[in-house]
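**Student:** Line by line, the protein sequences give chains A and B.
With my numbering applied, the first sequence corresponds to residues 1 to 486, in that order.
With my numbering applied, the second sequence corresponds to residues 1001 to 1511, in that order.
Ideal Cβ placement from N, Cα and C applies to all residues, glycine included.
As the structure is a prediction and not an experimental result, all values here were calculated from the model.
To start, I am sharing the structure in question, which I have written as structure tokens.
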Amino acid sequence: MTFVEKLVQMHVADHSKIKSSVDVAKRAMAIVHKSCHTTLWQEDAYLDQEIQRVQGLIESKGAANLPLLGVPVGIKDNINVKGTKTTCASKILENYQSPYEATVSTKLAEAGAIRFCKLNMDEFAMGSSNENSAYGAVKNPKDLQRVPGGSSGASAAAVAGGGLPLSLGSDTGGSIRQPAAFTGVYGFKPSYGRVSRYGLVAFASSLDQIGPFARSNIDIQKLYGVLEGVDPFDDSTRNIEFKAAAAKNKVAVLSEDLLKDCSPEVFSAYQRCLSSIESKGFELVTVNPKGIKECLSIYYILAPAEAAANLARFDGVRYGQREPSAKTLEEVFCKTRSKYFGSEVKRRIITGTYVLSAGYQEAYYRKANQARSMLRREFQKIFLECDYLFLPTTPSTAFKLGENADNPLAMYLNDLFTIPANLAELPALSFPVTNEDGPLPIGMQLVGPYGSDQNILEFERSIAGLSSCDDLGTSLAGSVWQEYLS
Amino acid sequence: MRHQDTPIKTYSGFVPTIGLEIHCRLNAKSKLFCGCPNSYGDTPNTNVCPVCLGLPGALPRLNKTVVEKAMLFAFAVDGHVAEKSEFSRKQYFYPDLPKGYQITQFEYPYCLGGKLLVSNRLCVDLERVHIEEDAGKNIHLDDASAVDLNRAGSALIEIVTKPQIHSPEDAAATFRFVYDIVRAIGVCDGNLEEGSLRCDLNVSLAKEGATELGTRTEVKNLNSFRNLEKACNYEIMRHVDTLLSGEKIIQQTVGFDASTGKTFTQRLKEDSDDYRYFPDPDLNELEIDSAWKEETRAKLPMLPHEVERNLIEVDGVSSEYAGILKDKKSLYSLYIACRKNTNPVMPQKLLPELAKWLCTDIQKLSSQELDDGVEQNQLTLQTDLGSSKKCKNSWNISHICELLLQLNSGKISARAGKKVLARMWDTGQDPSIIIQEEGLLKQTDTGSILKIVKETLDAEQQATLDFLQGNQKSFGFLMGESMKRGRGSLDPQVLRRVLQEELDARNAAST
């Protein structure tokens, strides 16, 4: 039985256990937070309310109809949960209270989950190391000298450190999958439009997608099942019935040329996985999709362009911080934004403003969009021949804190293998595999055709044996849970 | 596009060329991208939600009824409604713009082309019409500024004409024409004072006969026909003076001060913003398929110029009254209600007379309630006139019809008719009851009329004497006095004959 299954079973049998589970989560998360600096907001009074709310829900809907009954879920701090603070790990939203509920928050509530805490992240989800938080960097529970990845670093760390069974992240260019790989847990980015973005503070609207973190495939599926679905509040959600063609029993894999940026341990782990997949009767088809090398360039034009517009609303007029020394209207805008945005956010706003400026839009923004369409077609071609694409999640294992801090381009390279799925709007699962050459976790990725979200999860289970999330008991705070569950 | 024989007026040898951009606020119940009420004048920041406040994480969702209103306008001006159009973000910082960008249509508007048939000598082609959201309102107090976002996110259409207008009068007439159309098709309340319809004006001057246009200036935010004409005149004369003194026109945006009648510089071209438009990734393409198009087209009511033409050509109404009915929607609705009435039926030949009564006495009596001005809600009046709750008094359609039939049959005089009408308005009573109670039925019975005549002549001996001595004017006086005694109900023709006979008789008797 999985972590979530055990908890739900326990709560169905004894409703009063919900409160004790929340207490266990508090203890476990206190340990994780102390080492990894994961938590931006958690309040006892709010948790008491949550417990009461769920007890009420049991009466109105029946415990059996609550798939996440009493399960504490950590939520990335760019998702609005009414009554909590939503800071996006930015000074500009310091003390900003969510006045409304994101659709995913409502769905969690209706599934009987406990919305446990708000989790640290890179400011406005911009970053691959979680060092860009205005409230302090998050550390990797597997090695406290190392980054947990980003931008959903604390969502990964909370689950990997054994603090919580489930968490929510958001993924624009790999922000769920890369930290999942760095910390050795499962992270899933659904097809674009499968999970509502309503209430997710936008980074790059055409790429952003909310998704789950968990310690097992089954738990990912449980949480994803609660999150997904068309939302009238989000125009980009779609109800596409995915009809899996007859299994081709072929898996697309990357040509060596595309793997040259991988570290030796990731490269050898990939090769081991390929043999294992082949031994299970799948034919491996080497692909070299056109445009895949340009993905980083495409991404670092389109994402900042959208981000610059999305972040224009933080102008000091209606909410968030306003620089008190500002005397004129112009100063309110300039001083507020200069002072309260972090440097990575400013870098991207400036890039985004530049690529959309008169005279440059044609050369950058439009070209990048054309290249994106091309890439999408390339992937369609791959999935005419193969069932899935299998590739590493990241070129290397988790790097040390500060290692890439002065080199944004090296930092951006981390997203090399994750960005294509965002650009092509495809579902992608990162899962942990054994590292025979070192102590750090390695993540591998399965990418499927648009809408094949459930199929990917099932397929990953069918090739089980590859994946290896460590034992809950051996994680940072997992023993607290293990004791409780046994 | 002018009629070829109409000469273009020149200004010291220069020809002005004018284009208009008209912003029209659609009167949809909700805002463009959220469910907030689209209403004016409420307590600031009460008609707001996460979406129109631009709160972090909120997403727009398109309101389909707004698109229908926008489509109606496109049909009314014969524009091409695009099967696919797109919303873009127009980026700039301003306190009344909560998201830091306005959602508008840029590269692919929903309507391309179209024409405004302003008059039989003026037809102005449209460049495009697009849908966009309105901004909020900045309010400047003594020591602070405040922002009201009730208006933020309301739906507008922007109507862009080609530069085909050549005089301030034609510019005003074109704006007026758009005003008439949007009201007639029920997509805008036409409230100019509240900015429901605002016009920007582009003016440039070129030497007569020149093929290229001159440098243009843009006058922003004109909200009345008169101000548009004045501002246009002022800009033309300013251009003329500048050009005649050998200077160049500086491309710029100007404002118009209605109190001085002058324009003033707001922004020079070189400071102009780069709006960095790009397609809004939060919204899908706007798809309008032919089924939706046709379903909406079927809802298009008759346009003002069509109404006028039908009144004159089909119903035989005089052009004077047809003009009034075209402009006064509430009167026209009364007209149509009477025209369609079944009990009693309004005969076709009485329609010109009906129009006359509507445009004169009925309008006068009910001017307060039927005023098409600022306070009126057009739609309430249009759909629910006979018993409109907005009116203290109201007209009963059948009663109006009956009165017209009475008048036509000659049973009551026009004078009595006015009296009946006034009492109908005050009491809502049936005209036949009023006629009976007030004894207004025309008396044609010679005997009783003779009796009244005799009484009159006995009472007015001097006037009678005057007449008998040859003063013809006294006849009219005696007619009038007899009428008074008969309380206006005497048939004038019978009265005239009886009076003449009686006077003749008395004359004969005295000689």
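Residues of the region 227-246 of chain A in Cβ contact with chain B at a cutoff of 8 Å, in chain order, please.
**Tutor:** The region 227-246 of chain A vs chain B, Cβ under 8 Å: Pro232, Phe233, Asp234, Asp235 and Ser236.
**Student:** Alpha carbon to alpha carbon, how far is Val32(A) from Ala154(A)? Give it in angstroms, no decimals.
**Tutor:** Here residue 154(A) refers to the residue found at position 154 of the first sequence. Here residue 32(A) refers to the residue found at position 32 of the first sequence. Cα-Cα distance, rounded: 10 Å.
**Student:** Residues of chain B with CB under 7 Å from Glu306(A), in chain order?
**Tutor:** Mapped onto the first sequence, residue 306(A) falls at position 306. Here the neighbours are Pro1281.
**Student:** Which residue's Cα is closest to the Cα of Leu1116(B): Tyr1094(B), Glu1107(B), Val1160(B) and Val1453(B)?
**Tutor:** Sequence index remark: in the second sequence, residue 1116(B) carries index 116 (1-based). With distances taken between Cα atoms, Leu1116(B) lies closest to Val1160(B).
**Student:** Thinking C-beta only, is Pro72(A) closer than 8 Å to Leu164(A)?
**Tutor:** Sequence index remark: in the first sequence, residue 164(A) carries index 164 (1-based). Sequence index remark: in the first sequence, residue 72(A) carries index 72 (1-based). For Leu164(A) and Pro72(A), yes; Cβs fall inside 8 Å.
**Student:** When the Cα atoms are used, what is the spatial distance from Val433(A) to Met444(A)?
**Tutor:** The residue you call residue 433(A) lines up with position 433 of the first sequence. The residue you call residue 444(A) lines up with position 444 of the first sequence. Rounded to whole angstroms, Val433(A) to Met444(A) spans 7 Å at the Cα level.
**Student:** Does the region 1420-1428 of chain B come within contact of the region 1356-1365 of chain B, defined as at least 3 CB pairs closer than 8 Å?
**Tutor:** The answer is yes - the region 1356-1365 of chain B touches the region 1420-1428 of chain B, with three or more Cβ pairs under 8 Å.
**Student:** Identify every residue that forms a DSSP beta bridge with Gly70(A).
**Tutor:** Counting from 1 along the first sequence, the entry for residue 70(A) is found at position 70. Per DSSP, none; premise fails for Gly70(A).
**Student:** Under 8 Å between C-beta atoms, does Arg502(A) make it to chain B?
**Tutor:** This structure cannot settle anything about residue 502(A), because the visible part of chain A is limited to 1 through 486.
**Student:** Which whole runs of the alpha helix (DSSP H) in the region 301-348 of chain A are 4 residues long or more, in chain order?
**Tutor:** Runs found: 329-340.
**Student:** For Lys80(A), go through chain B and note every residue whose CB falls closer than 9 Å to its CB, in chain order.
**Tutor:** Locating residue 80(A) in the first sequence gives position 80, where the first residue counts as 1. Inspection of the sequence shows that residue 80(A) is occupied by Asn rather than by Lys. Chain B residues near Asn80(A): Pro1050, Leu1055, Pro1056, Gly1057 and Ala1058.
**Student:** Just to confirm, is the Cβ distance from Ser1409(B) to Leu1440(B) under 8 Å?
**Tutor:** As a working mapping, residue 1409(B) is identified with position 409 in the second sequence. As a working mapping, residue 1440(B) is identified with position 440 in the second sequence. For Ser1409(B) and Leu1440(B), no; Cβs fall outside 8 Å.
**Student:** Look up Asn1227(B) in the DSSP assignment and say whether it is helix, strand or coil.
**Tutor:** Mapped onto the second sequence, residue 1227(B) falls at position 227. Three-state DSSP puts Asn1227(B) in a helix.
**Student:** Beta-carbon within less than 6 Å of Ile240(A)'s beta-carbon, same chain only, minus the 5 sequence neighbours each way: which residues are those?
**Tutor:** By 1-based counting over the first sequence, the position of residue 240(A) is 240. Gly451, listed in sequence order.
**Student:** Closer than 7 Å by beta-carbon distance: list the chain B residues that pair up with Phe431(A), in chain order.
**Tutor:** For the purposes of this step, residue 431(A) is identified with residue 431 of the first sequence, where counting begins at 1. Going along chain B, no residue has its Cβ under 7 Å from Phe431(A), so there is no contact; the nearest lies around 29 Å.
**Student:** How would you label Gln1436(B), buried or exposed, when you count the other beta carbons within 10 angstroms and need 16 or more for buried?
**Tutor:** Taking the first residue of the second sequence as 1, we reach residue 1436(B) at position 436. Exposed, since its Cβ has fewer than 16 Cβ neighbours within 10 Å.
**Student:** If the cut is a Cβ gap below 8 Å, which residues of chain B does Leu200(A) touch?
**Tutor:** To locate residue 200(A), count along the first sequence from 1; it is residue 200. Per Cβ cutoff of 8 Å: Gly1057.
**Student:** Cβ closer than 9 Å: which chain B residues qualify as neighbours of Leu329(A)?
**Tutor:** Within the first sequence, the letter at position 329 stands for residue 329(A). Residues of chain B passing the Cβ test: Phe1093, Tyr1094, Pro1095 and Ser1145.
**Student:** Taking the continuous alpha helix (DSSP H) assigned at Trp481(A), which residues delimit it?
**Tutor:** The residue you call residue 481(A) lines up with position 481 of the first sequence. Trp481(A) -> alpha helix (DSSP H) spans Gly478 to Leu485.
**Student:** Scan the region 2-63 of chain A and note each continuous alpha helix (DSSP H) run of 4 residues or more that stays entirely inside, going in chain order.
**Tutor:** As far as the region 2-63 of chain A is concerned, its whole alpha helix (DSSP H) runs of at least 4 residues are 3-13, 17-36 and 44-61.
**Student:** Roughly how far, in whole angstroms, is the beta-carbon of Thr394(A) from the beta-carbon of Gln178(A), given that I think they are within contact range, below 8 Å?
**Tutor:** Within the first sequence, the letter at position 394 stands for residue 394(A). Within the first sequence, the letter at position 178 stands for residue 178(A). 5 Å between Cβ atoms; contact.
**Student:** I want to verify the contact list: residues of chain A whose CB lies under 7 Å from the CB of Phe1225(B), in sequence order.
**Tutor:** The residue you call residue 1225(B) lines up with position 225 of the second sequence. Per Cβ cutoff of 7 Å: no residues; Phe1225(B) is ~33 Å from chain A at best.
**Student:** Taking just the CA atoms, how far does Val8(A) sit from Met121(A)?
**Tutor:** The residue you call residue 121(A) lines up with position 121 of the first sequence. The residue you call residue 8(A) lines up with position 8 of the first sequence. About 28 Å.
**Student:** Bridge partners for Ser90(A) per DSSP, in chain order?
**Tutor:** As a working note, residue 90(A) is residue 90 in the first sequence. Ser90(A) is not bridged to any residue.
**Student:** Asp235(A) and Asn1284(B) - do their beta-carbons sit closer together than 8 Å?
**Tutor:** The count along the second sequence starts at 1 and reaches residue 1284(B) at position 284. The count along the first sequence starts at 1 and reaches residue 235(A) at position 235. Yes, the Cβ-Cβ distance between Asn1284(B) and Asp235(A) is below 8 Å.
**Student:** With distances taken between CB atoms, is the gap from Pro1016(B) to Ser1167(B) smaller than 8 Å?
**Tutor:** The residue given as residue 1016(B) occupies position 16 in the second sequence. The residue given as residue 1167(B) occupies position 167 in the second sequence. For Pro1016(B) and Ser1167(B), yes; Cβs fall inside 8 Å.
**Student:** Should Pro99(A) be flagged as near chain B, meaning a C-beta pair shorter than 8 Å?
**Tutor:** For this step, residue 99(A) is matched to residue 99 along the first sequence. At least one chain B Cβ lies under 8 Å of Pro99(A).
**Student:** Given Leu144(A), which residues of its chain have a CB within under 8 Å of its CB, disregarding the five upstream and five downstream residues?
**Tutor:** Stepping through the first sequence from its first residue, residue 144(A) is reached at position 144. Closer than 8 Å at the Cβ level, and outside the excluded window around Leu144(A), lie Ser35 and Cys36.
**Student:** Determine whether the beta carbon atoms of Asp1274(B) and Ser462(A) lie at a separation below 8 Å.
**Tutor:** One-based indexing of the second sequence puts residue 1274(B) at position 274. One-based indexing of the first sequence puts residue 462(A) at position 462. No. Outside cutoff.
**Student:** Can you name the residues of chain B whose CB is closer than 7 Å to the CB of Ala358(A)?
**Tutor:** Walking along the first sequence from the start, residue 358(A) turns up at place 358. Per Cβ cutoff of 7 Å: Asp1274.
**Student:** Note down the Cα distance separating Asp1384(B) from Val1187(B), rounded to an integer number of angstroms.
**Tutor:** Walking along the second sequence from the start, residue 1384(B) turns up at place 384. Walking along the second sequence from the start, residue 1187(B) turns up at place 187. For Asp1384(B), the predicted structure reports a pLDDT of 35, less than 50, and the residue's modelled location is therefore unreliable. The matter cannot be settled from this model.
**Student:** Looking only at DSSP bridge pairs, what is Glu1158(B) linked to?
**Tutor:** Position 158 of the second sequence, counted from the first residue, corresponds to residue 1158(B). According to DSSP, Glu1158(B) bridges with His1023(B) and His1130(B).
**Student:** Quick check: is the beta carbon of Phe1278(B) nearer than 8 Å to any beta carbon in chain A?
**Tutor:** Numbered from 1 along the second sequence, position 278 holds the residue referred to as residue 1278(B). Taking Cβ atoms only, chain A reaches closer than 8 Å to Phe1278(B), which makes this a yes.
**Student:** For the candidate residues Lys85(A), Ala111(A) and Leu296(A), whose alpha-carbon lies nearest to that of Pro410(A)?
**Tutor:** Looking up residue 410(A) in the first sequence gives position 410. The amino acid at residue 410(A) is misidentified as Pro; the sequence shows Ala. When each option's Cα is compared against that of Ala410(A), the closest is Leu296(A).
**Student:** For a cutoff of 8 Å on Cβ pairs, would you count Asn1284(B) as touching chain A?
**Tutor:** To locate residue 1284(B), count along the second sequence from 1; it is residue 284. Chain A, which has a Cβ nearer than 8 Å to the Cβ of Asn1284(B), makes this yes.
**Student:** Under 8 Å: do the region 1106-1123 of chain B and the region 1069-1080 of chain B share three or more Cβ pairs, one atom per stretch?
**Tutor:** Touching, yes, given that three or more Cβ pairs across the two stretches are closer than 8 Å.
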